[in-house]
Amino acid sequence: MRKLTLSVATFAFFAMTGSALGQGLLFTMDDPNPQPSAWFGYSLAGVGDLDGDSVPDVAVGVYRQAVAGNARQGQAFVFSGADGSVLLTLDNPNPQSNASFGVAVAGVGDVDGDSVPDIVVGAYDQDVAGTTDQGQAFVFSGADGSVLLTLDNPNPRPYAHFGVAVAGVGDVDGDSVPDIAAGAIMNDVAGTTDQGQAFVFSGADGSLLLTLDDPNPQPSAYLGGAVAGVGDVDGDSVPDIAVGARFQDVAGNTEQGQAFVFSGADGSVLLTLDNPNPQPNTRFGYTLAGVGDVDGDSLPDIAVGAFSQDVAGNSGQGQAFVFSGVDGSVLLTLDDPTPQAYALFGIAVAAAGDVNGDSVPDIAVGASSQDVAGTTDQGQAFVFSGADGSVLLTLDDPSPQSGASFGSSLAGVGDLEGDSVPDIAVAAIFKDVAGNSVQGQAFVFFAGPDQDGDGVADGVDNCPTVHNPGQTDVNGDGFGDVCVSPNADVGANVDLGDGVIIGDNVTVRDGAQVGDGAVIEDGATIGFWASVGAGTVIGSDSWVGLRASVGDNSIIGSGCNVWPLAQVGSDVILGDNVTVGIDAQIDDGIIIGDNVTIPAGAHIVDLDSDSVSDDVEDGAPNGGDGNNDGTLDSQQDNVASRPNAVDGSYVTLVSQTGILSRVQAITNPSPGDAPGGVGFPYGFFKFIVDGVGVGGATTVDLLLPGQVQTFYKYAPTAADPTDHWYDFLYDGQTGAEINGNVVTLHLVDGLRGDGDLIADGKIVEPGSPGATQIEVFIDIRPFTSKNAIVPRKWGLVPVAILSTADFDALEAVDRNSLTFGPTGDEQSRAFCLRRGADVNRDGFDDLIAFFRTGRTGFQPGDEVGILRGTTVNGQPIEGRDSVTVKKK
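The sequence shown maps to residues 87 to 974 in the numbering used here.
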């Protein structure tokens, strides 16, 4: 993290406590070779980024797939995490019928040193060297799908079903190459039939590193039916391995099940995990997963499922548990949130990552036979808090059907849409698809923010602030039709929601309704009887049709034509060269630009002729007496009060001599070349002081809502007759004296500071009080070391603005002002989290903003990201951090 030029920021990743967790669908994965009874999705795994787009990818096993005429040979596929397209098709290197290739898949890390993670696939019914159903496993290159390693049962025998479970377990032998575990569920061991075994193989050459045996040997225990890398639980810097024995008899309970954690260093037993609610036939250990450190003791913990557990009188409801990696004690008991018999809750468990931003990893659990909304055996999946076991997400089948077994397998797959929240894959292996019975289907769900609640993650939503679940984009410009769409045609009588942004040259047809806070760009046509909500900005050269309605606090740009009988609300700003039709109704508080034509029928009351309506001045502080002199500002021709053009707070102008007229509040007239390090928190003020006499002098006080440090003008000077920026601090004759929130302008007709530079008895003032820039600290993509950015169109990049003892980013920063990119001026902001997170753990909550990578303008080779904005008081802020920009 580097020092920036504003003063805020790192990012501890966003506390989802302040933003609604979404549960929408990112994409659906279908069998590329569709057929009945394939059981697509029987195995799932997040495998890391295989194609170099900085988005992790997803492996799917289809172990009953028929391939090239071989029934149930099986197949596996890797899908792009970015768009769901197929990256790799993995086929059995030793093709044969009934091999069940794909019964298990796992990411194993980079075993061949090409910086691309690789994949292991099990084929538990493979015939090997004439031995029936011995089983086999294969490691494939993530780069091209070629076979890197073939793993064979070290204890070969028929029907051993080696490869029924596979896992990447990390580097157990210290050669800097990750290693692989595989189970042989029906291996006979020392004369004990079907006891089962598990093995750890070298990722470098496939040699056997460890043999893991049942510490409580017995027939038909099926040890090895589940294997998982769980991290280093004993603190020896070597990752360890969990193995399940689903049919283990325990303390007289037949087939209760048991699980064990073995040392990755020497294969010794570190922990024995028992069902906390012992009973026969629970299948405890059928599934297990390393889930990370949920209890804050710096050692990873383990989740185990018992899908046949009877719970509270419900037979076969199922249960799951999280155990301490330190001592095997029970940390959490996870129960079906909608309890019912035979739900098979716990048939799948997985590490979900930290989905709610509390810095504690969470746990996903499947219930494949759950009845949902009257649909039998539809299935369901849930994400539970690792901190307290509460339910964070309920995931439902997007296309529900009876008997689909949604939740039969699931996997945490990493952050696919760029919101820094990990996502979750879930399969429905018995799903009927396109007429193929029990073909199976899998889905990836986002777990991150969905601020408009439309079921589409902000990271991929083509309009994240407006509810648009259909994501319609008629002109294909990448922007949702309800959000931004230049040259669009909004149909007659259409009702658009609040906050809509509509592009250039849009036609809003007759009778259409546009909600509050809309932005309608230049060249718009607003049809007859159309309704535009409060706070709307209507671009230049637009038409406001007959009887159209424009809400309060709107802005109508230069060159617009407001037709007769149009209804325009209070506090509207009319730009230069606007024509207002006969009998148009314009309410109080209007600000009128140059050369505006307003015929009879417009209603404006302005007794002191300062171009600020009485109603507006009467809204000033002190009951309309902004300078607190005992007289209403609307009744004094040397006093004017009006809202500024930035945040709407009132500014009062008091001229010592002369009469104030044409008082306007405007935004920055030339932001492109504005002075660096200065912000204009209250905008600019244009006014004329009449009656000072030729060459006369006066002072004008600006009473501001907050303090400023400088004053700038954008006007000609004697040395430069063109409009340009210059500071206007007092030089003994003219200029601004600043005392906190009071700016006293010393003005002389015809001299520096008089906008027309003519000694004609009136002084023209275009200028602004300024605030100097604050330097802040930011952290781009907190929790990552390389700050990698991929400029995908709808990706998101989080940026944290750090709070300090002297700067509360959550309270101080104007979130709508933030821009981010290689220059810092790119309009790329997507949203900010409502609540903060203490990302650098200094005791101060930080502000987290998200920016659309596709709008940042980053290109490969850019090395610095710049964030700019203002405080709520208008002071500019700037921060910088290093970035690494990758190709799309």
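A virtual CB, placed ideally from N, CA and C, is assigned to each residue, including glycine.
Outcome for residue i when other beta-carbon atoms lying within 10 angstroms are tallied against a minimum of 16
{"i": "Ile875", "result": "buried"}
{"i": "Asn926", "result": "buried"}
{"i": "Asn724", "result": "buried"}
{"i": "Ser571", "result": "Note on Ser571: pLDDT 44, under 50, position unreliable in the model; the coordinate value appears next. Ser571 is buried by the Cβ-count criterion."}
{"i": "Pro855", "result": "buried"}
{"i": "Asn714", "result": "exposed"}
{"i": "Leu417", "result": "buried"}
{"i": "Gly583", "result": "Any reading at Gly583 is ruled out, since the residue's pLDDT is 47, under 50, leaving its predicted position unreliable."}
{"i": "Thr358", "result": "exposed"}
{"i": "Gln395", "result": "buried"}
{"i": "Val780", "result": "exposed"}
{"i": "Asn573", "result": "Caution is warranted here: a pLDDT of 42 is assigned to Asn573, below 50, making its placement in the model unreliable, and no coordinate value can be reported."}
{"i": "Asn825", "result": "exposed"}
{"i": "Ile449", "result": "buried"}
{"i": "Pro877", "result": "buried"}
{"i": "Pro807", "result": "exposed"}
{"i": "Ala437", "result": "buried"}
Selected residue, minimal CA-CA separation from residue i, among the options
{"i": "Asp440", "options": "Ala467, Ser454, Ala473 and Asp413", "result": "Ala473"}
{"i": "Leu479", "options": "Ala533, Thr942, Asp396 and Tyr308", "result": "Ala533"}
{"i": "Met272", "options": "Thr218, Pro386 and Gly321", "result": "Thr218"}
{"i": "Asp291", "options": "Val958, Val313, Pro264 and Glu823", "result": "Pro264"}
{"i": "Gln795", "options": "Gln722, Glu823 and Ile864", "result": "Glu823"}
{"i": "Asp196", "options": "Asp204, Ala190 and Val189", "result": "Asp204"}
{"i": "Ser735", "options": "Leu294, Asn959, Gly907 and Phe773", "result": "Asn959"}
{"i": "Ile849", "options": "Asp840, Ala438, Val258 and Thr717", "result": "Asp840"}
{"i": "Asp238", "options": "Asp383, Gly269, Ser262 and Asp230", "result": "Gly269"}
{"i": "Ser699", "options": "Asp719, Leu882, Arg921 and Gly762", "result": "Asp719"}
{"i": "Gly382", "options": "Val319, Gly399 and Leu296", "result": "Val319"}
{"i": "Ala276", "options": "Pro303, Asp169 and Phe285", "result": "Pro303"}
{"i": "Ser889", "options": "Pro908, Val883 and Ile864", "result": "Ile864"}
{"i": "Pro946", "options": "Asp900, Phe531 and Val969", "result": "Val969"}
{"i": "Gly526", "options": "Val834, Gly110, Pro120 and Ile934", "result": "Pro120"}
{"i": "Phe773", "options": "Asp817, Ala783, Val749 and Asn156", "result": "Val749"}
{"i": "Ala307", "options": "Pro761, Leu496, Asn361 and Gly330", "result": "Gly330"}
{"i": "Pro118", "options": "Asp177, Asp137, Thr830 and Val133", "result": "Asp177"}
{"i": "Gln405", "options": "Arg938, Ala389 and Gly376", "result": "Ala389"}
{"i": "Gly254", "options": "Asp213, Phe893 and Ala314", "result": "Ala314"}
{"i": "Ala328", "options": "Gly376, Ala337 and Pro301", "result": "Gly376"}
{"i": "His810", "options": "Tyr800, Asp711 and Leu496", "result": "Tyr800"}
Cβ-Cβ separation, residue j to residue i (assumed contact under 8 Å), whole Å
{"i": "Gly498", "j": "Asp483", "result": "The Cβ separation is near 19 Å, so there is no contact."}
{"i": "Val380", "j": "Val408", "result": "6 Å"}
{"i": "Ala223", "j": "Pro181", "result": "Incorrect: roughly 15 Å between the Cβ atoms, too far for contact."}
{"i": "Leu481", "j": "Pro142", "result": "Wrong, their Cβ atoms sit about 19 Å apart, outside the cutoff."}
{"i": "Phe287", "j": "Thr297", "result": "About 11 Å; that fails the 8 Å criterion."}
{"i": "Gly289", "j": "Ile266", "result": "6 Å"}
{"i": "Ala192", "j": "Val252", "result": "5 Å"}
{"i": "Thr785", "j": "Arg838", "result": "Contact doesn't hold; Cβ gap of about 15 Å is too wide."}
Where residue i falls: helix, strand or coil (DSSP)
{"i": "Asp581", "result": "Here Asp581 scores only 49 on pLDDT, less than 50, and its place in the model should not be relied on; the value that follows carries that caveat. Strand, per DSSP."}
{"i": "Ser129", "result": "strand"}
{"i": "Pro896", "result": "In the sequence under discussion, the amino acid at residue 896 is Leu, which differs from the Pro named in the question. Of the three classes helix, strand and coil, the one that applies to Leu896 here is helix, per DSSP."}
{"i": "Gln721", "result": "helix"}
{"i": "Gly907", "result": "strand"}
{"i": "Ile341", "result": "Note that residue 341 is Glu in the sequence shown here, rather than Ile. DSSP places Glu341 in coil when its eight states are reduced to three."}
{"i": "Asp759", "result": "helix"}
{"i": "Val862", "result": "coil"}
{"i": "Val191", "result": "strand"}
{"i": "Glu503", "result": "coil"}
{"i": "Asn708", "result": "helix"}
{"i": "Ala923", "result": "strand"}
{"i": "Val702", "result": "helix"}
{"i": "Asn825", "result": "strand"}
{"i": "Arg915", "result": "strand"}
Test: residue i CB closer than 8 Å to a CB of chain C
{"i": "Thr890", "result": "Among the chains of the structure shown, chain C does not appear; only one protein chain is present."}
Quick one: which unbroken beta strand (DSSP E) runs of 3-plus residues sit fully inside the stretch 389-443? Chain order, please. Every beta strand (DSSP E) of 3 residues or more that sits fully in the stretch 389-443 is shown, in chain order, as 405-409, 416-420 and 431-439.
Which complete alpha helix (DSSP H) runs does the stretch 451-483 hold, if anything under 4 residues is left out? Runs of the alpha helix (DSSP H) lying entirely within the stretch 451-483 and spanning at least 4 residues: none are present.
Which runs of the alpha helix (DSSP H) spanning at least 4 residues fall entirely within the stretch 925-968, listed in chain order? Correct list: 939-942.
Quick one: complete beta strand (DSSP E) runs, 3+ long, within the stretch 721-794? Unbroken beta strand (DSSP E) runs of no fewer than 3 residues, entirely contained in the stretch 721-794, are found at 725-729, 736-741, 745-752, 770-776 and 783-789, following chain order.
Start-end ranges of the beta strand (DSSP E) lying completely within the stretch 191-232, minimum 3 residues: Taking only runs of at least 3 residues, the beta strand (DSSP E) segments lying wholly in the stretch 191-232 are 204-209 and 222-226.
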